[in-house]
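Just so we're aligned: 1013 in my numbering is position 362 of the sequence shown, and the numbers increase by one with no gaps anywhere. Working notes, beginning with the structure itself.
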Amino acid sequence: MSKADLKKKALDYHRLPKPGKLSVESMKPCATQDELSLAYSPGVAEPVREIAKNPRLAYDYTNKGNLVAVVSNGTAILGLGNLGPLASKPVMEGKGVLFKRFAGIDVYDIEINAKTVKDVVRVVEAMAPTFGGINLEDIAAPECFEIEAQLKKKLDIPVFHDDQHGTAVIICAGLINALHIQGKQLADAKIVCLGAGAAGLSSMSLLVAMGAKKSNITLVDSKGVVSKARTDLNKYKKPWARATGMKTLAEAMDGADVFVGVSGPDLVSPAMVKSMAAKPVVFALANPDPEITPEKAHKTRKDLIMATGRSDYPNQVNNVLGFPYIFRGALDARARAITQDMLIAAAKALAELAREKVPGSVLKAYKVKKMAFGPDYILPKPFDPRLIERIPAAIIKAVKRST
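Structure (structure tokens):
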């Protein structure tokens, strides 16, 4: 499909037959005088009184327990940058569609005109009573780290920044399987991460929690290797600074087992991939244009396993494998937060699911005759019906272990 055709189809999809992607529908009957009296006055006074006496009863008498706010200030929209809250609305509506389609969760998309950490926190805290969970989206780093941290302290419902933790869960699940196929251990793997924003830092943190050695991880940002020699590092990058003479991405890539890119297009050359260790793993996740295309990478190395963020290549690292199911489990368990143990449980469940026989319904959805665990299949597909069974169950077990 040409770019012109894609543009027209995408714009028509969002505009026709009615603008947007979400709507609000009543789920209770309201067609008679009796039903009206129950839906509103005087009947509605009864649950009001009950909730006033016991706030937890809001989960019994309202939609709070199945309602998530998808919140953005538009400062980091997809790979498009700071385009403002209104421009982020199509993405937030799309997030709502995915929540509903894959996990049956209702969403209000909330685009806020708030740029500072203080303002975002104030707005989200003020509206939190409405919701069972908060999904932060497309908020620029490093502000997103502080926003999430403050909201977690203030609120008694799950707060989840998907650009950080959702991406991290899928990366970890895919990487566990890729290293297994390559005959390598996470604890021994030398890892290079290009991109020191929300996704990069959170992914590396989760990898360490799952067994990677921090001393084996080299973080690279737009100015080069994050090293102790640099004086321009913020408080989020400083813990990852290495005592090393390496300065460039090319130097860091030499001998590496794993490359994880969450940065921008065409930043990795074939020569860099060639310099990696035997049987390397390359996750080039910049979207829509990866750090290096699979065509170039596979032409350079026949022994690598490759993943991207795109659906038209094998091994798509797609956040839809995570956030709907993580929230489904958290909401069903009435969790007050989404913890690291829950994220690890989700990553392990995803990795394990990919090793099982693929259902016929998935083969049919993707119009293929065969799909099996291997170099071109290290993660489950988004339309795998087992995801809604496995991932929320793993989250609920993690919640029970911590209580």
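Just so you know, even glycine gets a beta-carbon here, dropped at the ideal spot from N, CA and C. These figures come from a predicted structure and were not determined experimentally.
Whole angstroms are fine: how far does the CA of A824 sit from the CA of S653? 33 Å
Assuming S914 contacts L858 (C-beta within less than 8 Å), just tell me the rounded distance between them.
-> 17 Å between Cβ atoms; not a contact.
With a Cβ-Cβ cutoff of 8 Å, do L673 and E744 count as a contact? yes
Notebook entry, point to check: On the premise that A863 lies in contact with A840, defined as a C-beta separation below 8 Å, what is that separation, rounded to the nearest angstrom?
Noted result: Indeed they touch by this definition, with Cβ atoms about 7 Å apart.
Legend entry - Nonlocal neighbours in the same chain, by C-beta distance under 8 Å from A1058, ignoring five residues either side: No statement about residue 1058 is possible, as the shown extent of the chain runs from 652 to 1054 and does not include it.
Our contact map puts V771 next to A777 with C-beta atoms below 8 Å; I'd like the distance itself, whole angstroms only. That belief does not hold up - the Cβ atoms of V771 and A777 are roughly 11 Å apart, past 8 Å.
Quick check: the segment 775–795 against the segment 972–986, are at least 3 beta-carbon pairs closer than 8 Å?
yes
Taking the alpha-carbon of K953 as reference, which of V933, S962, P941 and N969 has the nearest alpha-carbon? Ranked by Cα distance from K953, the first of V933, S962, P941 and N969 is V933.
*asked:* Rounded to the nearest angstrom, what separates I1039 and T899 at their Cα positions?
replied: 42 Å
(Q) If I measure Cβ to Cβ from P793 and keep anything under 6 Å in the same chain, skipping five residues before and after, which residues do I get? (A) N885 and Y887
Subject >> Beta-carbon proximity list for G817, same chain, < 7 Å, skipping 5 on both sides >> reply: N970, G973 and F974
Quick test of the definition: if touching needs 3 or more C-beta pairs under 8 Å, does the segment 890–899 touch the segment 864–882? yes
May I ask which residues mark the beginning and end of the beta strand (DSSP E) holding E762? D757 to E762
| task | Count the other C-beta atoms from every protein chain shown that fall within 10 angstroms of the C-beta of E799, then say buried if there are 16 or more, exposed otherwise. | result | buried
- Task: Please name the residue in P741, A929, I756 and L806 whose C-alpha comes closest to that of L662.
- Result: Checking every option, the nearest Cα to that of L662 belongs to P741.
Report task. Sort out for me which residues DSSP pairs R893 with in a bridge. Result -> S878
Check: Measuring CA to CA, which of A1016, A791, A696 and A720 is closest to G732?
Finding: Of A1016, A791, A696 and A720, the residue nearest in Cα terms is A791.
| task | Pull up the CB-CB distance for T956 and I1029, whole angstroms please, since I reckon it's below 8 Å. | result | Residue identity check: residue 956 is Ile in the sequence provided, not Thr. Yes, I956 and I1029 are in contact; Cβ-Cβ is about 7 Å, under 8 Å.
ask   = From E598 to K751, what distance separates their C-alpha atoms?
value = Residue 598 lies beyond the stretch modelled for the chain, which goes from 652 to 1054, so this question has no answer here.
Where M743 falls: helix, strand or coil (DSSP)
helix
### Message
Closest to V719 by C-alpha separation, out of L806, K930, K865 and I756, would be which residue?
### Response
For V719, the closest alpha carbon among the candidates L806, K930, K865 and I756 is that of I756.
Checklist entry - For N714, does the count of other Cβ atoms within 10 angstroms reach 16, so buried, or fall short, so exposed? => result exposed
With DSSP as the reference, please indicate the residues paired to I956 in a beta bridge.
-> DSSP output for I956 lists V932 as bridge partner(s).
Assuming V877 and A892 form a contact by the criterion Cβ under 8 Å, report the distance between their Cβ atoms to the nearest whole angstrom.
5 Å
_Whole-angstrom distance between G960 and F811, CA atom to CA atom_ = 20 Å
#### Entry: Segment limits, alpha helix (DSSP H) that includes S1012
In the DSSP annotation of this structure, the continuous segment of the alpha helix (DSSP H) that includes S1012 starts and ends at G1011 to A1016.
### Query
What does L845 pair with, by DSSP beta-bridge criteria?
V871 and G912
Status (buried if at least 16 other CB within 10 Å, exposed otherwise) for T683
exposed
Could you say which of E1003, A903, D1035 and D992 lies nearest to T1054 if we only look at CA atoms? Of the candidates E1003, A903, D1035 and D992, the one whose C-alpha sits nearest the C-alpha of T1054 is D992.
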